[in-house]
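Have a look at the structure below, then the notes.
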Amino acid sequence: MPKTVADQLVAQLIDAGVSHIYGIVGDSLNPIVDAIRRTGGSAKGGIDWIHVRNEEAAAFMAGAEAQLTGKLAVAAGSCGPGNLHLINGLYDAHRSGAPVLAIASHIPSAQIGSSYFQETHPERLFVECSNYCEMILTAEQAPRVVNSAIRHSIAGPGVSVIVLPGDVAEFASKAETPSLVLTEKPRVIPNGADVASLAKAINDAKTVAIFAGFGVQGAHDAVIAFAERIKAPIGHSLRGKEWIQYDNPYDIGMTGLLGYGAAHAGIHDADLLILLGTDFPYSQFLPDPSKVVIAQVDANAEHLGRRVSVAHPVHGDVLATLELLTPLVTEKTSTRFLDSMLKKHAKLLDTVVGTYTDVANTAPIHPEFAISVIDELTADDAVFTADTGMGNVWQARYVTPTAKRRLIGSYLHGSMANALPQAIGAQVAYPDRQVVAIAGDGGLSMLLGELITATAYELPVKIFVFNNSTLGLVKLEMLVDGFPDFGVDVPAVDYAAIAAGAGFHATRVEDPKTLRDAVGEALAHPGPALVDIVTDPRALSLPPAITGGQVKGFALAMSKIVLHGGAAEAVKMAQSNIRHVPGL
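Be aware that the sequence shown starts at 134, since it is given in the working numbering, and climbs by one per residue.
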């Protein structure tokens, strides 16, 4: 039996397949860190300690690793402020369904409730961002709580939190360790009557469209074959992009604020819309159920009908459902609707998205041109992370998925500063794989210290900073709501110089004619590399379907800017964005 509670906890993590933990050492956490040290590291079958600069980043790193590998990942923080820093990254991991275990060490057990130095109540604070959150106060209790936490993380999947006072971690272990027996992921098989009802609705509908989300993971070929049978165009959410867009002749893009192409038209103009494995939260971009019949297939019954009224709900995995549904559906012969949506999609890509990649000699650099170059030169099996904001827009519109590429971001929690730490977590998980972060200058500056983490562990992450000295998506939100942009701009910063000081191969690019060489050199560099791309701060990105209210808001905001002496700024902004308006 391990000597201490800390030794026992670490042994349980090793048994669960954990080979490294992200965190910052400190007082109440020291017994656990020392137990990790005594394992000898992953090279000897133990655990490595990944020393980060902020515990928030540690949680983002663990969340990225868990999303990419599907395996348990661990982050840790010392008492009080140390483990509080974990919260934002844990929220992101939990909402993303990432199996993450957080170790929140605590003040001495005898001092709990006495307003002791750094005292908080982590067993209360972490409840909302976890499936399981329990405090260990005895040696007898410890192994069962750890076992339960691991099980809850994997089964959720999601976050579990262990709250462990530093003195308890040093107690002699007294209870046997429960066996950790894991099963393969089960399949959710839908009810036959629900499948038959959906099949009849498809057969009765003249035109059908599919909107695919994260739940189509593992069902790519079945979805394509199903779409071919019913002649349905396929739109997708941002989380669904990596699983359905590649090798897809029926792709019509993405809807929502970050969207592009004909997805909005496709899902609104069909007689029947099938939501496949998506809990797309923006109901304003979904059709009116009084005008379009809506069906939904999801492995989580809680998702069915909670965004929009659904006439045909089916509780089941997408693949299992399609295996039962497809044989019941009569093959449609008319391709008129499908062809019209594909034609519309091609036109929109050429006249709106495509125009922005033809600016190789235009300064300041158009961000669309920059991301198209990065996409072209990056490996087919690369992992892309993207900061929330305009980074998500460029990832959604210009990064080309393949069967091997992975795309992650803070898609559900929507946190800033995620791209750099997620890239580090991805690189730790896959040391020989190309990892690319699409970072905004706003997001990068929030957790800038993690550049040191990449250097310290010689991680070959590639950071591309879209440096426009402004919070671009927030600026857009202000303008379409009729507010002049305010408080979003910051002084110009040379991030290449900062990265070079941290030990990165770093280049600053202001001339678009030098961009390709800079990107190529960064990707070829064997260690960490950063390219600071100075982009047009006035280049914004409107959604593919623009409402009258948004146009009115933009015009009102421009009027306010002009009235306050900013006529030249208004003209330059219009010149930078006029081609974003579909049809112009």
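Even glycine gets a Cβ: it sits at the ideal position worked out from N, Cα and C.
The Cβ atoms of Gln200 and Ile596 lie no closer than 8 Å to each other. Annotation for Gly348: Leu409, Gly410, Thr411, Asp431, Ala432, Val451 place their beta carbon closer than 7 Å to its own, counting only its chain and skipping 5 residues before and after. From the listed residues Ile363, Leu461, Ser281, the smallest Cα separation to Ser312 is found for Ser281. The beta carbon of Asn381 sits closer than 7 Å to the beta carbons of Ile357, Ile367 from its chain, once the five residues preceding and following it are set aside; these are given in chain order.
In this chain, His184 is not harboured by any alpha helix (DSSP H); it is covered by the beta strand (DSSP E) spanning 181-184. Here the C-alpha atom of Ser247 lies approximately 13 Å from the C-alpha atom of His239. Look at Ile322 here: in three-state DSSP terms it is coil, with no helix or strand label. The C-alpha of Pro319 is placed about 35 Å away from the C-alpha of Val594.
Check the Cα spacing between Ser416 and each of Ala529, Gly389, Leu437, Gly196: the tightest is with Gly389.
In this chain, the beta strand (DSSP E) harbouring Pro298 covers 292-298. Fully contained in the stretch 327-400 are the following beta strand (DSSP E) runs of length 3 or more, in chain order: 341-345, 367-369, 384-387. Annotation: the continuous beta strand (DSSP E) that includes Asp431 extends over 426-431. Judged by DSSP in its simplified three-state form, Val166 adopts helix. Restricting attention to Val166, Ile585, Ala632, Glu464, the CA atom closest to the CA of Ile335 is found in Glu464. Secondary structure note for Pro617: it is in no alpha helix (DSSP H), with a DSSP letter that is neither H nor E. Separation of the CB atoms of Pro276 and Glu309 is rounded to 7 Å, and the pair is thereby assigned contact status at 8 Å. The C-beta distance from His153 to Val561 rounds to 6 Å, short enough to fall under 8 Å. Just measuring C-alpha positions, the residue of Arg538, Thr518, Thr668 sitting nearest Gly196 is Thr518.
Thr640 is bridged by DSSP to Val664.
For Gly156, the enclosing beta strand (DSSP E) has its first and last residue at 153-156. A distance below 8 Å separates the beta carbons of Ala655 and His638. Note on the stretch 489-530: whole beta strand (DSSP E) runs with a minimum of 3 residues are 516-519, in chain order.
Annotated as distal: Ala635 and Asp665, with beta-carbon spacing of 8 Å or more. Inclusion of Ala552 and Ala570 in the CB contact set at 8 Å is warranted, their separation being smaller than that value.
Between Ile427 and Ala444, the CB-CB gap stays under 8 Å.
With contacts defined by Cβ atoms closer than 8 Å, Leu297 and Phe259 do not form a contacting pair.
Cβ neighbours of Lys339 within its own chain (closer than 7 Å, five residues either side excluded): Asp404.
Straight across, the Cα-Cα distance linking Gly230 with Leu584 is about 26 Å. Per DSSP, Glu252 has no beta-bridge partner at all. Taking 8 Å as the cut-off, the beta carbon of His227 is found no closer than this to the beta carbon of Val278.
Short of 6 Å from the beta carbon of Asp327, and not among the five residues preceding or following it, lie these beta carbons of its own chain, in chain order: Val447. Ile557 sits in a helix when the DSSP states are folded into three classes. In this structure, the beta-carbon distance from Val462 to Ala332 falls below 8 Å.
Out of Trp527, Met194, Thr535, the CA that lies nearest to the CA of Thr586 is found in Met194. In this structure, DSSP gives Pro446 an extended state, which the three-state scheme calls strand. Between Thr172 and Asp622, the alpha-carbon positions lie close to 48 Å from each other.
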